[in-house]
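A.B. asks:
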Amino acid sequence: MNNPLISVIIPEKTNLSEECSNSLKLQIFEEFEICSSIDAAKGEYIHFINPDSRLSLSLYQKFACIEHKPDIYIFNGSKLGLKTTEPEFVFDIKTWKNISDESYKHTFLDNANPFNENFCCENKIFRKEFLKSLGDFSIVGLEKQYFFFLTLFNARTIIVNPDAQYYYKDKKTIQKNIFEIFRITDKIKELLNKKNIFEPYKYAFFQYKYKQFALMFMLADENMKEDFYREMQDRLRKYNSENLNPQITERLQHIGMFKNILKLNPQEFYKNYYGKINY
């Protein structure tokens, strides 16, 4: 195939699950290739996939039928193995306006709260030249969160499909690099300032930080929990004192959890919130 439309990126030595492999082999639209990196990709568009996931067999066909293709194509997802008759969507696409029109060209301004999105890259197809214009980036580990905002805030056009086209396994694993979340949030703040959009997003960003910090704490290895918790408390105290209006922060989602982070010790917080934090 000389000019495939889509290059599916699967790193070398990655073992695909049978479900993932079959969902690629049985795609209705066949003009795609599988390669190991963007540099090796011949396609005009890039799709990163998780080796444990499964794709809708019509995913690439639906994308190919879009006449004027965007920088980013976002589609919904659902967890594999759910024992329900109705699909449980995992990406809050309701935050986007005009999602009923599959040809509507969005920008990030059409999203009411991008900090409440799912940050994975597997539910998105990207224009390759757009990705190359962003310079160096990583999608490994927590870097995916920065990558999400880097692409979202720089895309000229985005199309959103509210239908589930991607199915994945919900795997919560102990995090070994939880302190990385502090570096990632610092990078996101730099990006917001660079794009001159920090002020309109500062409350959503603050909410994102205490929710993500709490999640990382719950997933942390036991020998890291106390040190991480102290760093989390110190940072959140500092963020809360940085020109935030208490009357507005009081209305933020899970603000009670933020207050408890400052008030409780690590053991108390873990006991109170175990099994209750899931973003």
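Numbering (our numbering), first residue to last: 2 to 280.
Just so it is clear, CB atoms sit at the ideal spot from N, CA and C, and this is done for glycine as well.
Keep in mind it's a predicted model, so treat the numbers as computed, not measured.
What residues in its chain sit with their C-beta under 6 Å from that of THR86, if we drop five residues either side in the sequence?
C.D. replies: Here residue 86 refers to the residue found at position 85 of the sequence shown. For THR86, the predicted model reports a pLDDT of 47, less than 50, meaning its position is unreliable; a value from the coordinates is still stated below. If we look at THR86 and ignore the five residues flanking it on each side, it has no Cβ neighbours.
A.B. asks: From which residue to which residue does the beta strand (DSSP E) around ILE185 run?
C.D. replies: The count along the sequence shown starts at 1 and reaches residue 185 at position 184. Looking at the DSSP string, ILE185 is not in any beta strand (DSSP E); the run it does join, the alpha helix (DSSP H), is 181 to 195.
A.B. asks: Is PHE127 helix, strand or coil when you go by DSSP?
C.D. replies: For the purposes of this step, residue 127 is identified with residue 126 of the sequence shown, where counting begins at 1. Strand at PHE127.
A.B. asks: Decide if LEU27 is buried, meaning its Cβ has at least 16 other Cβ atoms within 10 Å, or exposed.
C.D. replies: Residue 27 sits at position 26 when you count from the first residue of the sequence shown. So LEU27 counts as exposed.
A.B. asks: Would you list, in sequence order, the uninterrupted beta strand (DSSP E) runs of no fewer than 3 residues that lie entirely inside the region 5 to 48?
C.D. replies: 7 to 10, 33 to 36
A.B. asks: Hey, quick one: how far does the alpha helix (DSSP H) through LYS239 stretch, first residue to last?
C.D. replies: Residue 239 sits at position 238 when you count from the first residue of the sequence shown. Note, LYS239: alpha helix (DSSP H), 226 to 241.
A.B. asks: Per DSSP, PHE76 forms a beta bridge with which residues?
C.D. replies: Within the sequence shown, numbered from 1, the residue matching residue 76 stands at position 75. Per DSSP, ASN162.
A.B. asks: Counting Cβ pairs closer than 8 Å, one from the region 110 to 120 and one from the region 141 to 158, do we hit at least three?
C.D. replies: yes
A.B. asks: Do you know whose CA, among GLU243, CYS21, LYS226, GLU45, lies nearest PHE127's CA?
C.D. replies: The residue you call residue 127 lines up with position 126 of the sequence shown. Answer by Cα proximity: GLU45.
A.B. asks: Measure the C-alpha to C-alpha separation of PRO247 and ASP40 and round it to an integer number of angstroms.
C.D. replies: Your numbering for residue 247 matches position 246 in the sequence shown. Your numbering for residue 40 matches position 39 in the sequence shown. Straight-line spacing of the CA atoms in PRO247 and ASP40 works out to 48 Å.
A.B. asks: With DSSP collapsed to three states, give me the class of TYR169.
C.D. replies: Position 168 of the sequence shown, counting from 1, holds the residue named residue 169. It is a strand residue.
A.B. asks: Taking contact to mean at least 3 C-beta pairs separated by less than 8 Å, is the region 65 to 80 in contact with the region 188 to 195?
C.D. replies: no
A.B. asks: State the CB to CB distance for the pair ASN178 and GLY142, rounded to an integer number of angstroms; the pair is presumed to be in contact (CB under 8 Å).
C.D. replies: Taking the sequence shown and counting its residues from 1, one reaches residue 178 at position 177. Taking the sequence shown and counting its residues from 1, one reaches residue 142 at position 141. Correct: roughly 6 Å between the Cβ atoms.
A.B. asks: For LYS212, tell me which candidate among ILE198, TYR274, VAL161 has the shortest Cα-Cα distance.
C.D. replies: What you label residue 212 is simply residue 211 of the sequence shown in a count that begins at 1. Considering only alpha carbons, the answer is TYR274.
A.B. asks: Would you decide whether PHE49 is buried or exposed? Buried here means 16 or more other CB atoms lie within 10 Å of its CB.
C.D. replies: In the sequence shown, counting from the first residue as 1, residue 49 sits at position 48. The residue is buried, with at least 16 neighbouring Cβ atoms inside 10 Å.
A.B. asks: Which whole-angstrom value describes the C-beta separation of TYR204 and LEU245, a residue pair presumed to lie in contact below a C-beta threshold of 8 Å?
C.D. replies: Numbered from its first residue, the sequence shown carries residue 204 at position 203. Numbered from its first residue, the sequence shown carries residue 245 at position 244. Rounded, the Cβ-Cβ distance is 7 Å, consistent with contact.
A.B. asks: Quick check on DSSP: helix, strand or coil for ASN266?
C.D. replies: For the purposes of this step, residue 266 is identified with residue 265 of the sequence shown, where counting begins at 1. In the three-state reduction of the DSSP assignment, ASN266 falls in the coil class.
A.B. asks: Opposite ASN112 in the DSSP bridges: which residues?
C.D. replies: For this step, residue 112 is matched to residue 111 along the sequence shown. ASN112 has TRP97 as its beta-bridge partners, per DSSP.
A.B. asks: For LEU245, which of helix, strand or coil comes out of DSSP?
C.D. replies: Residue numbering aside, residue 245 sits at position 244 when the sequence shown is read from its first letter. Note: LEU245 maps to coil in three-state DSSP.
A.B. asks: Over what stretch of residues does the alpha helix (DSSP H) that includes ASN155 continue unbroken?
C.D. replies: Translated into the one-based positions of the sequence shown, residue 155 becomes position 154. Residues 144 to 155.
A.B. asks: Tell me, please, which residues DSSP counts as bridged to HIS107.
C.D. replies: To locate residue 107, count along the sequence shown from 1; it is residue 106. ILE159.
A.B. asks: Compare the C-alpha of THR15 against each of ASN51, ILE47, SER57 and name the closest.
C.D. replies: Here residue 15 corresponds to residue number 14 of the sequence shown, with the count starting at 1. That would be ASN51, whose Cα lies nearest to the Cα of THR15.
A.B. asks: What's the call for LYS133, buried or exposed, on a 16-neighbour Cβ count within 10 Å?
C.D. replies: Position 132 of the sequence shown, counted from the first residue, corresponds to residue 133. Counting Cβ neighbours within 10 Å, LYS133 comes out exposed, since fewer than 16 surround it.
A.B. asks: Going straight from the alpha carbon of ASN112 to that of LYS264, what length do you get?
C.D. replies: Position 111 of the sequence shown, counted from the start, is the residue given in the question as residue 112. Position 263 of the sequence shown, counted from the start, is the residue given in the question as residue 264. The alpha-carbon atoms of ASN112 and LYS264 are separated by roughly 33 Å.
A.B. asks: Which first and last residues belong to the alpha helix (DSSP H) in which PHE64 is found?
C.D. replies: Stepping through the sequence shown from its first residue, residue 64 is reached at position 63. Looking at the DSSP string, the run of the alpha helix (DSSP H) that includes PHE64 is 60 to 65.
A.B. asks: Under 7 Å Cβ to Cβ from GLN254, same chain only, skipping five residues before and after it: list those, please.
C.D. replies: Taking the first residue of the sequence shown as 1, we reach residue 254 at position 253. Cβ neighbours of GLN254 beyond the five flanking positions: GLN208.
A.B. asks: Hey, would you say PHE199 sits closer than 8 Å to LEU153, going by beta carbons?
C.D. replies: For the purposes of this step, residue 199 is identified with residue 198 of the sequence shown, where counting begins at 1. For the purposes of this step, residue 153 is identified with residue 152 of the sequence shown, where counting begins at 1. Not in contact: PHE199 and LEU153 (Cβ atoms no closer than 8 Å).
A.B. asks: Nearest to LYS210 by alpha carbon, out of MET258, ALA221, GLU227, PRO163?
C.D. replies: Here the question's residue 210 lines up with position 209 in the sequence shown. Answer by Cα proximity: MET258.
A.B. asks: Looking at the structure shown, is LEU253 part of a helix, part of a strand, or coil, going by DSSP?
C.D. replies: Position 252 of the sequence shown, counted from the first residue, corresponds to residue 253. Coil, per DSSP.
A.B. asks: For the candidate residues ASN241, GLU227, ALA221, ASP187, whose alpha-carbon lies nearest to that of GLN268?
C.D. replies: Numbered from its first residue, the sequence shown carries residue 268 at position 267. If we check each option's Cα against that of GLN268, GLU227 comes out closest.
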